[in-house]
Each structure stands twice: as C-alpha cells, then as structure tokens.
Amino acid sequence: MSNQPPHPTLLIPGPIEFDDAVLQSMSHYAESHVAPGFVKTFGETLTMVRKLFQSTNPAAQPLVVSGSGTLGWDFVASNLLEKGEDALVLHTGYFANSFASALATYGANATQLKAPIGDRPSFEEIEQALKEKKYKAITITHVDTSTGVLSDIKKVTEVVRRVSPETLVIVDGVCSVGCEEIAFDEWDIDVVLTASQKAIGCPPGLAILIFSPRAIETFKARKSPPSSYYASLANWVPIMQNYENFKPSYFATPSTQLIHALHTTLTQITARPISERFAAHRQASDRVKAAVAELGLTQLAAKPENQAHAMTAIWLPDGLAPPDVLPGLLKRDVIFAAGLHKEVATKYIRFGHMGVSITDPARGDVDKAITALKEAITEAKKAKGL
Ligand SMILES: *Cc1c(COP(=O)(O)O)cnc(C)c1O
Numbered sequence: 080m081s082n083q084p085p086h087p088t089l090l091i092p093g094p095i096e097f098d099d100a101v102l103q104s105m106s107h108y109a110e111s112h113v114a115p116g117f118v119k120t121f122g123e124t125l126t127m128v129r130k131l132f133q134s135t136n137p138a139a140q141p142l143v144v145s146g147s148g149t150l151g152w153d154f155v156a157s158n159l160l161e162k163g164e165d166a167l168v169l170h171t172g173y174f175a176n177s178f179a180s181a182l183a184t185y186g187a188n189a190t191q192l193k194a195p196i197g198d199r200p201s202f203e204e205i206e207q208a209l210k211e212k213k214y215k216a217i218t219i220t221h222v223d224t225s226t227g228v229l230s231d232i233k234k235v236t237e238v239v240r241r242v243s244p245e246t247l248v249i250v251d252g253v254c255s256v257g258c259e260e261i262a263f264d265e266w267d268i269d270v271v272l273t274a275s276q277k278a279i280g281c282p283p284g285l286a287i288l289i290f291s292p293r294a295i296e297t298f299k300a301r302k303s304p305p306s307s308y309y310a311s312l313a314n315w316v317p318i319m320q321n322y323e324n325f326k327p328s329y330f331a332t333p334s335t336q337l338i339h340a341l342h343t344t345l346t347q348i349t350a351r352p353i354s355e356r357f358a359a360h361r362q363a364s365d366r367v368k369a370a371v372a373e374l375g376l377t378q379l380a381a382k383p384e385n386q387a388h389a390m391t392a393i394w395l396p397d398g399l400a401p402p403d404v405l406p407g408l409l410k411r412d413v414i415f416a417a418g419l420h421k422e423v424a425t426k427y428i429r430f431g432h433m434g435v436s437i438t439d440p441a442r443g444d445v446d447k448a449i450t451a452l453k454e455a456i457t458e459a460k461k462a463k464g465l
C-alpha cells in the first residue's frame, strides 16, 4: 500500500502513479553533479537503460537528458538528418504529426504515410513507400497515445532491412518503453526515444534515448554540424560515456533528483525478467478490453493486433462527450484523459493502465477504474436521457 496522501488514482497515459520508493528517492540531500556519489548513480542508471532496451551491444549509446519526451524528436531531427533529407513518418495518430513537425523544424522533408483513425499503415504500403523513394530515416510511433494503436516494430524493421537496409529505424517509444516488448539489438533498431513519466513510472522531466552504432556513424558522417546546441550528440555522448565509466563530466547540469528517481525505478524494473513485466501489462490489458466490450463500448484501435497493452482509447456512446463522463470518474476517485486526436477528440476517452498500477495488483487500481467507468457511463447516459 502507498504512504502517499490520499488522491484520485491517476490513470491517464502518463504521467502515471508513482511507487513510494521512486518518489522518496527524490528527497535526496543536495549533492554536486560531479561528486562521486552522484556520478555512480548516473553511471548505473545509464547501464540499466541498456537493460531496459534489452541491449548488450557496448557500441550502442544510451542518453538521459533533462527534458520531456519531445526532446527526443529534437535529438533525432538535429543529429541524424540534414537539411533537405527525406524521412518517412508512419502515422497512427497525433504524435506522428508532431514528430513530422519537429523534423521539418530542422529542415528535413517529412512524408507521412497515414492510416485511418485506429489503424496503422500496412506492411505492403510501407514496403511500397520505401521502394518509391530513398529515405534516410523512417519513424514509427510504437504506441500512439492519442489512439491506443500499437505498431509492430519488429516486422516494420524487417521490411526496412529487406527493402532499404540503410534507412535508419527511429522508434518513438514514449508510451511503450517499460510496457511493450522492445529488443533494440535483436530487432536492429537505430534509435528508441522515450520519456521518464509513462510506463517507466518516474516523474516527468527526463528524455531517455538509445542510439545504435549505425546511428552514431550516421551522425559522425554529417556534412553540416548538428542543428541544435543543447541536443547535440557531439556535446552529450562524451558526457554519457564518462558517467558510465564513473568519471565526472559536465556539459549541462543534470536533474540530479530525477536521476535518483529513475535509478530507483530502473532498479525495480531490472530486478525481475522484463518479460514478466510485459506479460503483466498484457494480462491487465486483456481484462480492460474485455470489460470495455462488456459495457457495449468499442475502441479506436478496432483490430486486436493493433491494440496497445498499457492504455485503451474508448469510443463514448453516441451523445456523450468526455465532460459528461470524466467528472463521474473523478467522483469515484479515478482520473482518465479526454480524447487527443484532433478529428475525434470529443468522442472518446483514454484509460492508462501501466506501471505500478499493474505491477502492484494489491492497489486494485484496474478493478476500481473498471467499476468507476461502468457507473460513470450509466450515470451520464441517464442524465442525458439516452
Ligand atoms: C507523451 C508522448 C510524447 C511526448 O512526450 P512529452 O514527455 O509530453 O514531451 C511523444 N510521443 C508519444 C508517443 C507520447 O505518448
């Protein structure tokens, strides 16, 4: 059970509920970011980030930098692409639009391959697009938090390696790392970017990335300098390497307290086989999806193979909008998120089921949320005479 003051259970697709130990590790006393104690904590954290991505290749490069998940897009756009170079952005919702905008901000040409809402581009369409044009990079949102659509990173990467082997495979794993399987080395991915506050269960404020040797070589072969100062790999890679070798180093002050929190959560995550963690999220997801169906509701991601395991995007019954339902949930001590996909935002809600809410079943978060959802929908329908 939690020692935190009573509060409604936060079940949005990030930030999520915190484990007590993670939260408490942030009340660490002041220390220098170059003192041995902190250097050790940061170095161990980077080594655990490798484990989180199931990477054992010493030439892969993890990074942990202050900022939110969005900073990961700037890292990719400013280090791996140069002005006028082409990127193919697979679109499964809101976050592909944003990634494409970030790429365009730094001068890359981002072409979006779109799928209908709730679906994802087919492997055939991806193959066709890669055959039509040479792309320096392809970006995939592993779980699009606006739609709850899961992409098949392993299969997309296989297609890329077969059709256009040099294209860098970039994964936006902000809502997937820590709850969906990712095997960075084995699947031959080039970059995964994520953030601290979703399935990793740490407070917001850290961008977490890993670069393959191919991505690092691509960076080194740039003709122009990186187009960002703060997000330059040239500035950060030596710092990360020094920390991992327990050597003090400075480019920009790290978020020392957040690094302690990340260290704690990664210690918990890596203490058990990570496959158990994925299985727990799949089981909870099955339970949520079954309950949604039992209520007569449907999901944005209609096909089971497209459905994320750490969140569910639920169409509301006709005539109901998020403001009709979310207050009823809050009254029952549960917080869900409203819709995010621009075209349909007023028609659906999002239920995040990840992290400690899943790995500590004694909390009862999922059952509480399912009951609250049932009651809040019934109450809202009645109020509207539906
Ligand atoms: C949340 C999210 C982001 C943005 O992360 P921030 O930490 O809010 O900057 C990017 N991509 C996906 C898939 C997300 O879910």
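Adding 79 to a residue's 1-based position in the sequence shown gives its number in the working numbering. Glycine included, C-beta positions come from ideal geometry on N, C-alpha and C. Given the structure is predicted, the values throughout are model-derived calculations rather than measurements.
Do S255 and V228 have their C-beta atoms closer together than 8 Å?
Between S255 and V228, the gap from beta carbon to beta carbon reaches 8 Å or more.
H420 and Y173 look like a contact to me (Cβ under 8 Å); what is the Cβ gap, rounded to whole Å?
Taking 8 Å as the upper bound for CB-CB distance, H420 and Y173 are in contact here, some 5 Å apart.
Roughly how many angstroms separate the alpha carbons of F415 and T349, rounded to a whole number?
Rounded to whole angstroms, the separation of the alpha carbons of T349 and F415 is 28 Å.
Quick check: the Cα distance between A138 and K215, rounded to an integer number of angstroms?
If you draw a straight line from the Cα of A138 to the Cα of K215, it comes to about 21 Å.
Nearer than 7 Å: is that true of the beta carbon of V155 relative to any heavy atom of ligand 1?
V155 Cβ: outside cutoff for every heavy atom of ligand 1.
Within 10 angstroms of the Cβ of N158, are there 16 or more other Cβ atoms? Answer buried if so, exposed if not.
So N158 counts as buried.
Can you find a heavy atom of ligand 1 that lies under 7 Å from the Cβ of C281?
It does not: the Cβ of C281 is nowhere closer than 7 Å to a heavy atom of ligand 1.
Relative to the C-alpha of S225, which candidate in I393, L167, V168 and E206 has its C-alpha closest?
The residue with the shortest Cα to Cα distance from S225 is I393.
Looking at the unbroken beta strand (DSSP E) that takes in D165, where does it start and where does it end?
Counting along the chain, the unbroken beta strand (DSSP E) around D165 starts and ends at D165 to H170.
Are K212 and D264 closer than 8 Å when you measure CB to CB?
Cβ distance not < 8 Å, so K212 and D264 don't count as in contact.
Tell me whether the beta-carbon of I217 lies closer than 8 Å to the beta-carbon of S230.
The answer is no: Cβ separation not under 8 Å.
Quick check: the region 168–184 against the region 193–211, are at least 3 beta-carbon pairs closer than 8 Å?
Proximity of the region 193–211 to the region 168–184 meets the contact definition, three or more beta-carbon pairs being nearer than 8 Å.
Which of helix, strand or coil DSSP assigns to T126
Residue state, collapsed to three classes: helix.
Contact the region 397–415 vs the region 266–286: 3+ CB pairs below 8 Å
Too few Cβ pairs lie closer than 8 Å, so no.
Express the C-alpha separation of V250 and G148 in angstroms, rounding to a whole number.
Taking C-alpha positions only, G148 is separated from V250 by approximately 12 Å.
When the distance is taken between beta carbons, is R429 closer than 8 Å to P92?
The Cβ atoms of P92 and R429 lie closer than 8 Å to each other.
On the three-state DSSP scale, how would you describe V445?
Note: V445 maps to helix in three-state DSSP.
If you pair each beta-carbon of the region 435–446 with each one of the region 88–103, do three or more pairs fall below 8 Å?
Yes, the region 435–446 touches the region 88–103.
What are the start and end residues of the beta strand (DSSP E) that includes W394?
From DSSP, the beta strand (DSSP E) with W394 extends over M390 to W394.
Inspect the beta-carbon positions of V118 and P333 and report whether they are closer than 8 Å.
Against a cut-off of 8 Å, the Cβ pair of P333 and V118 comes out as no contact.
Looking only at its chain, what residues have a beta carbon closer than 7 Å to the beta carbon of A156, apart from the 5 residues adjacent to it on each side?
Cβ within range, chain order: A181, L182, T184, Y185 and A187.
Whole angstroms are fine: how far does the CA of R442 sit from the CA of S81?
Whole-angstrom Cα-Cα distance: 8 Å.
Taking just the CA atoms, how far does Q362 sit from A381?
Here the C-alpha atom of A381 lies approximately 18 Å from the C-alpha atom of Q362.
Element boundaries [beta strand (DSSP E), containing P141]:
Q140 to S145 is the span of the beta strand (DSSP E), which, as asked, contains P141.
Does DSSP put A175 in a helix, in a strand, or in coil?
Assignment of A175 by DSSP, reduced to helix, strand and coil, places it in the helix class.
How about H432 and L102: are their beta carbons less than 8 Å apart?
No.
Test item: CB-CB of I287 and V128 under 8 Å
Contact flag set, yes.
Check R366 in the structure and name its three-state DSSP category.
When DSSP states are grouped into helix, strand and coil, R366 belongs to the helix group.
Just to confirm, does P92 get its C-beta within under 7 Å of one of the non-hydrogen atoms of ligand 1?
Taking the Cβ of P92 as the reference point, at least one heavy atom of ligand 1 falls within a distance shorter than 7 Å.
With DSSP as the reference, label R429 as helix, strand or coil.
Note: R429 maps to strand in three-state DSSP.
Any alpha helix (DSSP H) of 4 or more consecutive residues that is wholly inside the region 217–278:
Secondary structure remark: continuous alpha helix (DSSP H) runs of at least 4 residues inside the region 217–278, in chain order: 232–242.
Answer with buried or exposed for R241, where buried requires no fewer than 16 other C-beta atoms within 10 angstroms of its C-beta.
By the 10 Å Cβ count, R241 comes out exposed.
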